[in-house]
């Protein structure tokens, strides 16, 4: 048992004991008084009853103390419902409602507030944000709504009705929050909205809200249009596709000096209903179901087979960095390349991740083992996430690919100096550079002027299906 648990039990016991002693003393005094004043007339049953009353009183007090701690329903900091209570509350609401909406509201810069101003101010911000939300919704005649804190600065709110009733109200709230401050501390708030048409499972709904919130941060709309797939069905489709290796491959040529020198593989899973699942739909499911490593091995095996049927062509595919660092996956990759010597020097593994892996020497040792097999290592999304820049600096890699942000922007030339700087850094470290999603002549000329080695996009070559 952990020390906090031990201390908690001791605290509860001492509290219960302090409450029991006065009752014990009163019952004992009553018995003694009755014994001395009515010794001749008192019946034996009185003593039995008195002892039973005492025992039941002690048991009842101990039960109340221990049970009372277990059934706490409000969060100490924000004064909202606890995660356990809000989950149970919303489950009942959803179960008994034909239409119900969940709203996720997050204080995005809570970590920065805690770091800069201290955790006491962070706690104050959470409480003030909840009050501000309540006051705003009150002006829209929305009162007595359930709100609970599920983690950090993330709150869940439940509303009766479908999401269309609340969409405009919440969008306006997010706009008004840009002016909201607590003691001159800037507060960054984001939100996401969905209803039970997506799913009646509270866990699926809340997971989806976080996904929507992440995509909403660069959009003024709270609920982007998307095809709704029941989450339980989606999990089933993913499991079956992995189990049956029911995968569709698309490739796109990548050009160096006007010549196609390699091809990138894009992987889609096929469902039992003859639909295609795109990566944005199933990648999170793979992580959740702990199938990512198995998926990466299956895809690599299929790409090796495609590679063997082609004539000296190079193929690039994305892989999870956690797979690269997994000894079991690494051993399997070694086995595959030892059995297929013909693919040596023809496979490029692309990866990116949002959080920097601190054991960089260990990471480099894994990459070294892959490079010894003849695998080219590339880091993706350079210039968009800080981790890719740190890996450019710290990892022994062969290639970097710029994030599509720089090719999709209308005012592309505005970022030319940034691209040029990253490109120069990579070249000075002996790495090749790569730009994707080239959709027009302007983009192609920009990246050519900067000196990027590889160019890719629909303007240069279409996607082609090669395997079902």
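In our numbering, the protein residues as written are 4 to 471.
Glycine included, C-beta positions come from ideal geometry on N, C-alpha and C.
As the structure is a prediction and not an experimental result, all values here were calculated from the model.
In its own chain, which residues sit with a C-beta less than 6 Å from the C-beta of residue i, not counting the 5 before and 5 after it?
i: residue 172; result: 143
i: residue 324; result: 354 and 356
i: residue 376; result: 340
i: residue 394; result: 382
i: residue 78; result: 85 and 152
i: residue 317; result: 265 and 349
To the nearest angstrom, report how far apart residue i and residue j are at their CA atoms.
i: residue 410; j: residue 351; result: 22 Å
i: residue 190; j: residue 131; result: 10 Å
i: residue 204; j: residue 234; result: 9 Å
i: residue 353; j: residue 278; result: 26 Å
i: residue 228; j: residue 165; result: With a pLDDT of 47 at residue 228, under the threshold of 50, the predicted position of this residue should be treated as unreliable, and no value is reported.
i: residue 308; j: residue 315; result: 13 Å
i: residue 264; j: residue 276; result: 36 Å
i: residue 167; j: residue 283; result: 25 Å
i: residue 397; j: residue 385; result: 14 Å
i: residue 98; j: residue 105; result: 14 Å
i: residue 425; j: residue 452; result: 14 Å
i: residue 103; j: residue 96; result: 8 Å
i: residue 458; j: residue 122; result: 47 Å
i: residue 183; j: residue 427; result: 42 Å
i: residue 464; j: residue 260; result: 14 Å
i: residue 362; j: residue 62; result: 54 Å
i: residue 100; j: residue 211; result: 20 Å
What does DSSP give as the partner residues of residue i in its beta bridges?
i: residue 404; result: 437
i: residue 340; result: For residue 340, which the question treats as bridged, DSSP gives no partner whatsoever.
i: residue 194; result: 108
i: residue 167; result: Residue 167 is not bridged to any residue.
i: residue 457; result: 437
i: residue 270; result: 252
i: residue 152; result: 158
So residue i packs on residue j, CB below 8 Å; how close in whole Å?
i: residue 303; j: residue 254; result: Not really, about 15 Å apart at Cβ, beyond 8 Å.
i: residue 108; j: residue 160; result: 7 Å
i: residue 80; j: residue 111; result: Wrong, their Cβ atoms sit about 17 Å apart, outside the cutoff.
i: residue 241; j: residue 292; result: 7 Å
i: residue 84; j: residue 149; result: 6 Å
i: residue 162; j: residue 169; result: 6 Å
i: residue 188; j: residue 116; result: 6 Å
Can you name, in chain order, every residue of its own chain whose Cβ lies under 7 Å from the Cβ of residue i, other than the five neighbours on each side?
i: residue 378; result: 350 and 352
i: residue 369; result: 327, 328 and 333
i: residue 13; result: none
i: residue 281; result: 271
i: residue 388; result: 355 and 357
i: residue 440; result: 407, 410, 411 and 460
Given residue i, which residues of its chain have a CB within under 8 Å of its CB, disregarding the five upstream and five downstream residues?
i: residue 30; result: 53, 56, 57 and 60
i: residue 21; result: none
- Message: I'd like to know if the region 176-194 and the region 80-96 are in contact, where contact means that at least 3 CB-CB pairs between them fall below 8 Å.
- Response: Cβ pair count under 8 Å is below three, so no.
- Using 8 Å as the threshold, is the region 266-276 in touch with the region 305-323, meaning 3 or more CB pairs across them? Put simply, the region 266-276 touches the region 305-323. At least three CB pairs are less than 8 Å apart.
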